[in-house]
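Participant: Before we start, here is the structure in question, set down as structure tokens.
Number of protein chains: 2
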Amino acid sequence: MYPGLALDSNLKNLERTAKMKIAVIGTGAVGGYYGILLAKSGFDVHFLLNSDFDHVKTHGLYLSSVDGDIKLEQVNAYDDPRDLPFCDIVIVALKTTSNHLLKDILPHAAKPGGVLVMLQNGLGVEEQAQEILPGATVIGGLCFLCSNKTGPGHIRHLDYGSVRIGQYHSGGPAGKTDILKMVSDIFSSAAVAVEITGDLGRARWEKLAWNIPFNGMSVILDADTSRLVNHPASLSALKNVMLEVTGAARSCGYDIDDGFCDTMITATTKMVAYKPSMKLDHEAKRPLEIDMIYRKPIEAAEAAGYCMEKTRLLMNLLRYLDSKRF
Amino acid sequence: MYPGLALDSNLKNLERTAKMKIAVIGTGAVGGYYGILLAKSGFDVHFLLNSDFDHVKTHGLYLSSVDGDIKLEQVNAYDDPRDLPFCDIVIVALKTTSNHLLKDILPHAAKPGGVLVMLQNGLGVEEQAQEILPGATVIGGLCFLCSNKTGPGHIRHLDYGSVRIGQYHSGGPAGKTDILKMVSDIFSSAAVAVEITGDLGRARWEKLAWNIPFNGMSVILDADTSRLVNHPASLSALKNVMLEVTGAARSCGYDIDDGFCDTMITATTKMVAYKPSMKLDHEAKRPLEIDMIYRKPIEAAEAAGYCMEKTRLLMNLLRYLDSKRF
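Chains A and B, in that order, give the protein sequences. When the letters of the first sequence are read in order and numbered with numbering that gives the first Met the number 0, they come out as residues 0 to 325. When the letters of the second sequence are read in order and numbered with numbering that gives the first Met the number 0, they come out as residues 0 to 325.
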């Protein structure tokens, strides 16, 4: 069933997995962070870059992290996907606003039957990738990471860093597969905390329950997480939108109860003030990930007979603001 | 039934109504405009002022209007409501955010059985006024006016100027009463276009159907009416919110059909670009009229079993933004 897996799941030691080739598509705050950690741990990592290519080719990659700084002097850097070697594992860490590029990248990056690890926001990214490479094993990864790119080839890591991964299967939960455990081992060996979930769909919706209210409202109200949770009006709006998302999740068959919202809000209250990725995108005048974080969930819920009215209102406000960035 | 009316409804000519005393409470963009026109037409108008008192006492009031400029040299100006004479008609044109002051103003301004004309936004202003003066006749007025105060005692009139008036009655529509016709005659004699409605509640909700989406979104998206109606995302949001308001109106017993929304949007598309009053308030760092334009309609609909979820979301976003004005 999984040609890529047949080879790799027999590998019982990391010495052999360390010989695996890993591609990082999108060397920014997320891809840069995990890619540097994996390369530092001895994996053969190949970085696809865009505007930073010349700088990284000459000066390497630099991670300034709360856990200690890392400098990668020699980097396998590429600015053309056709130059990439076929890799066992392809980590996709582009903003989803660039996902139209994947059809021209993935076929050059992944070996036949390879593994795609989608470290992206929103809903539907695994489905997109699977359509491009029907023979690949597609894994979704949800990052709990505070990092940003502060300059060419320079990633700053502020807090957290764990990843929750689950295997995509169009027919429902894939369970905790061997290939998932292998990918988990690879990240773990690079000192990344990994949690495996057997139900990727549920994990995606749980993340959306946070992302939909916090990302949108941080942009609309020009506020970080601390300001949002510490004002009664924005807190009320956050909760109402979050409850709509968990309601939508249930309509799609994921049994997330409303108490989950209180847990998320409380956890956010205890976090340091944090700007969600969409807020950082907006400040940097990058396009907002509205399609994957808003439109796809709205459509999925609608198909299940659930109307996400408040989420749609936020989406429309965001689309307007997004159009004014030039 | 209407002690004030007994006297005034017998007046068949404007020569006699012209002797009536009129108080203007709140001499800003709205109160200043109508007050100056009424005074210019020969009515005995008494203006309550706040910060502009000294300037107006010395220099008078000035209206620069698309219909011609008017200078009032001698103004009956007051800075203390206790100095006002008892008036036959009291025009209340304060921002509703100052309505807590009315209990200390109205008893000094209105003669027993006098007429209160509430030129204010939102829902519930007539009820508030009636509670303060149970013996008064309370009339609600909805202004279709583009004006602003550009300096002390200086009102600038940009466009429109008509008023729609209806008589308040706690038990339902009051009909087109004689006293309403008298007030209409007074405004008409000052060259103000007046429309009489027998159903003030319905008129209030019709205005809310415009005010709730346009006022809030102009603040949240930093946009005038033209930008809002000319972008597909904001247009969609406007329509969805407006349909929620007409749904709420129907739940409250006012038969406003959804086609009304298209009419309103089309009319706004044909208007010149315009900043709603709440947008002007926000730019001037004045408090926003959230209670009367959002909270009161939400509560009225809720009491009728209708949940205005999108309006509540806008309200909470506005409350947050309103709190950041200092």
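Beta carbons are placed, not taken as given, at the ideal position from N, Cα and C, and that holds for glycine. Keep in mind it's a predicted model, so treat the numbers as computed, not measured.
If you draw a straight line from the alpha carbon of Lys-11 (chain A) to that of Gly-171 (chain A), how long is it in whole angstroms?
Facilitator: As a working mapping, residue 11 (chain A) is identified with position 12 in the first sequence. As a working mapping, residue 171 (chain A) is identified with position 172 in the first sequence. With a pLDDT of 47 at Lys-11 (chain A), under the threshold of 50, the modelled position of this residue cannot be trusted, and the question is left open.
Participant: Kindly indicate which three-state DSSP category Pro-275 (chain A) falls into: helix, strand or coil?
Facilitator: The residue you call residue 275 (chain A) lines up with position 276 of the first sequence. Pro-275 (chain A): coil per DSSP, three-state reduction.
Participant: Report the three-state DSSP secondary structure of Arg-311 (chain A) (helix, strand or coil).
Facilitator: Within the first sequence, numbered from 1, the residue matching residue 311 (chain A) stands at position 312. Note: Arg-311 (chain A) maps to helix in three-state DSSP.
Participant: Please state whether DSSP places Leu-237 (chain B) in a helix, a strand or coil.
Facilitator: Residue numbering aside, residue 237 (chain B) sits at position 238 when the second sequence is read from its first letter. Helix at Leu-237 (chain B).
Participant: My understanding is that Val-65 (chain B) touches His-156 (chain B), with C-beta atoms under 8 Å, so please give their C-beta distance in whole angstroms.
Facilitator: One-based indexing of the second sequence puts residue 65 (chain B) at position 66. One-based indexing of the second sequence puts residue 156 (chain B) at position 157. Going by Cβ atoms, the distance from Val-65 (chain B) to His-156 (chain B) rounds to 6 Å, so yes, they are a contact pair.
Participant: Taking only the alpha-carbon atoms, compute the straight-line gap between Leu-141 (chain B) and Lys-295 (chain B) and give it to the nearest angstrom.
Facilitator: Stepping through the second sequence from its first residue, residue 141 (chain B) is reached at position 142. Stepping through the second sequence from its first residue, residue 295 (chain B) is reached at position 296. Roughly 17 Å separates the two Cα atoms.
Participant: Considering Cα atoms alone, identify which of A:His-58, A:Ser-250, A:Leu-207 is closest to Ala-303 (chain A).
Facilitator: Residue numbering aside, residue 303 (chain A) sits at position 304 when the first sequence is read from its first letter. The candidate whose alpha carbon is nearest that of Ala-303 (chain A) is A:Ser-250.
Participant: Strictly by DSSP, which residues pair up with Glu-72 (chain B)?
Facilitator: The residue you call residue 72 (chain B) lines up with position 73 of the second sequence. In DSSP, Glu-72 (chain B) forms no bridge with anything.
Participant: In chain order, what residues of the same chain have a beta carbon less than 8 Å from the beta carbon of Phe-213 (chain A), not counting five sequence neighbours either side?
Facilitator: On the first sequence, residue 213 (chain A) is found 214 positions in, with the first residue counted as 1. Closer than 8 Å at Cβ, skipping near neighbours: Thr-224, Leu-227, Leu-237, Thr-267, Pro-275.
Participant: Give a yes or no on whether the minimum CB-CB distance between Lys-309 (chain A) and chain B is below 9 Å.
Facilitator: For this step, residue 309 (chain A) is matched to residue 310 along the first sequence. Chain B, which has a Cβ nearer than 9 Å to the Cβ of Lys-309 (chain A), makes this yes.
Participant: Let me know the secondary structure DSSP gives His-45 (chain B) once reduced to three states.
Facilitator: In the second sequence, residue 45 (chain B) corresponds to position 46, counting from 1. DSSP places His-45 (chain B) in strand when its eight states are reduced to three.
Participant: Are the C-beta of Ile-264 (chain B) and some C-beta of chain A separated by less than 9 Å?
Facilitator: Here residue 264 (chain B) refers to the residue found at position 265 of the second sequence. By the rule that beta-carbons nearer than 9 Å mark a contact, Ile-264 (chain B) does not touch chain A.
Participant: Just mark Lys-309 (chain B) as buried or exposed, buried being the case when its beta carbon has 16 or more other beta carbons within 10 Å.
Facilitator: The residue labelled residue 309 (chain B) in the question sits at position 310 within the second sequence. Burial call: buried.
Participant: Since I believe Gly-25 (chain B) is in contact with Lys-148 (chain B) (beta carbons under 8 Å), could you give me their beta-carbon distance rounded to a whole number of angstroms?
Facilitator: Indexing the second sequence from 1 puts residue 148 (chain B) at position 149. Indexing the second sequence from 1 puts residue 25 (chain B) at position 26. Not a contact, Cβ separation roughly 11 Å.
Participant: Give me, in chain order, the residues of the same chain whose beta-carbon lies closer than 8 Å to that of Cys-260 (chain B); leave out the 5 immediate sequence neighbours on both sides.
Facilitator: Stepping through the second sequence from its first residue, residue 260 (chain B) is reached at position 261. Cβ within range, chain order: Ala-208, Lys-238, Met-241, Leu-242, Thr-245.
Participant: Nearest chain A C-beta to Tyr-33 (chain B) closer than 9 Å, yes or no?
Facilitator: Counting from one through the second sequence, the residue named residue 33 (chain B) turns up at place 34. Residue-level contact check: Tyr-33 (chain B) does not touch chain A, since none of the beta carbons of chain A fall below 9 Å from its beta carbon.
Participant: Taking the alpha-carbon of Ile-164 (chain A) as reference, which of A:Asp-254, A:Ala-202, A:Leu-62 has the nearest alpha-carbon?
Facilitator: For this step, residue 164 (chain A) is matched to residue 165 along the first sequence. Ranking A:Asp-254, A:Ala-202, A:Leu-62 by Cα distance to Ile-164 (chain A) puts A:Ala-202 first.
Participant: Between the C-alpha atoms of Glu-130 (chain B) and Phe-85 (chain B), what's the straight-line distance to the nearest angstrom?
Facilitator: On the second sequence, position 131 is the one that residue 130 (chain B) refers to. On the second sequence, position 86 is the one that residue 85 (chain B) refers to. Each residue's alpha carbon lies about 19 Å from the other.
Participant: Got a sec: is the Cβ-Cβ distance from Arg-294 (chain B) to anything in chain A below 9 Å?
Facilitator: For the purposes of this step, residue 294 (chain B) is taken as the residue at position 295 of the second sequence. Closer than 9 Å: no.
Participant: Grab the span of the alpha helix (DSSP H) containing Ala-202 (chain A) for me, first residue to last.
Facilitator: Here residue 202 (chain A) refers to the residue found at position 203 when the first sequence is read from its first residue. Run containing Ala-202 (chain A): 199-219, per the alpha helix (DSSP H) assignment.
Participant: Measuring only the C-alpha atoms, how far is Ala-283 (chain B) from Cys-306 (chain A)?
Facilitator: Position 284 of the second sequence holds residue 283 (chain B). Position 307 of the first sequence holds residue 306 (chain A). Using only the alpha carbons, I get a separation of about 37 Å.
Participant: Once the 5 residues before and after Ile-219 (chain B) are set aside, which same chain residues still bring their CB inside 6 Å of it?
Facilitator: Along the second sequence, read from residue 1 onward, the residue named residue 219 (chain B) stands at position 220. Result list for Ile-219 (chain B): Leu-316, in chain order.
Participant: Between Glu-288 (chain A) and Lys-94 (chain A), which are expected to be in contact by the criterion C-beta below 8 Å, what is the C-beta distance as a whole number of angstroms?
Facilitator: By 1-based counting over the first sequence, the position of residue 288 (chain A) is 289. By 1-based counting over the first sequence, the position of residue 94 (chain A) is 95. Separation of the CB atoms of Glu-288 (chain A) and Lys-94 (chain A) is rounded to 6 Å, and the pair is thereby assigned contact status at 8 Å.
Participant: What are the boundary residues of the beta strand (DSSP E) that Cys-260 (chain A) is part of?
Facilitator: Counting from 1 along the first sequence, the entry for residue 260 (chain A) is found at position 261. No beta strand (DSSP E) holds Cys-260 (chain A); the alpha helix (DSSP H) holding it covers 258-269.
Participant: For Thr-149 (chain A), name the three-state secondary structure that DSSP assigns.
Facilitator: Sequence index remark: in the first sequence, residue 149 (chain A) carries index 150 (1-based). Three-state result, Thr-149 (chain A): strand.
Participant: Let me know if Val-271 (chain A) comes out buried or exposed under the rule of 16 or more other beta-carbons within 10 Å of its beta-carbon.
Facilitator: Translated into the one-based positions of the first sequence, residue 271 (chain A) becomes position 272. Around the beta-carbon of Val-271 (chain A), fewer than 16 other beta-carbon atoms lie within 10 Å, marking it exposed.
Participant: According to DSSP, simplified to helix, strand and coil, what is Lys-110 (chain B)?
Facilitator: Counting from 1 along the second sequence, the entry for residue 110 (chain B) is found at position 111. Here Lys-110 (chain B) carries a strand assignment [DSSP, helix/strand/coil].
Participant: For Glu-72 (chain A), count the other beta carbons within 10 Å of its own beta carbon; 16 or more makes it buried, fewer makes it exposed. Which is it?
Facilitator: On the first sequence, position 73 is the one that residue 72 (chain A) refers to. Under this definition Glu-72 (chain A) is an exposed residue.
Participant: Tell me the DSSP secondary structure of Thr-196 (chain B) in three-state form.
Facilitator: The count along the second sequence starts at 1 and reaches residue 196 (chain B) at position 197. The answer is strand: DSSP assigns Thr-196 (chain B) an E or B state.
Participant: With DSSP collapsed to three states, give me the class of His-230 (chain A).
Facilitator: As a working mapping, residue 230 (chain A) is identified with position 231 in the first sequence. Three-state result, His-230 (chain A): coil.
Participant: Tell me the residue span of the alpha helix (DSSP H) that contains Leu-179 (chain A).
Facilitator: If you number the first sequence from 1, residue 179 (chain A) lands on position 180. Per DSSP, Leu-179 (chain A) belongs to the alpha helix (DSSP H) from 177-188.
Participant: Could you tell me which chain A residues have their CB closer than 7 Å to the CB of His-230 (chain B), listed as they occur along the chain?
Facilitator: To locate residue 230 (chain B), count along the second sequence from 1; it is residue 231. What His-230 (chain B) touches in chain A, judged by beta-carbon distance under 7 Å, is Tyr-319, Ser-322, going in chain order.
Participant: Can you tell me whether Lys-20 (chain A) is helix, strand or coil according to DSSP?
Facilitator: Sequence index remark: in the first sequence, residue 20 (chain A) carries index 21 (1-based). Annotated three-state conformation of Lys-20 (chain A) is strand, per DSSP.
Participant: Please compile the residues from chain B whose C-beta is within a distance smaller than 7 Å of the C-beta of Ser-235 (chain A).
Facilitator: By one-based count along the first sequence, residue 235 (chain A) stands at place 236. Asn-315, listed in chain order.
Participant: So which residues of chain A does Ile-219 (chain B) contact, with C-beta pairs closer than 8 Å?
Facilitator: For the purposes of this step, residue 219 (chain B) is taken as the residue at position 220 of the second sequence. Near Ile-219 (chain B) (Cβ distances below 8 Å), the residues of chain A are Ile-219, Leu-316.
Participant: With a threshold of 7 Å on Cβ separation, who are the neighbours of Gly-174 (chain A) within its own chain once the five nearest residues in sequence on each side are excluded?
Facilitator: Numbered from 1 along the first sequence, position 175 holds the residue referred to as residue 174 (chain A). Taken in chain order, the residues that qualify are Gly-197.
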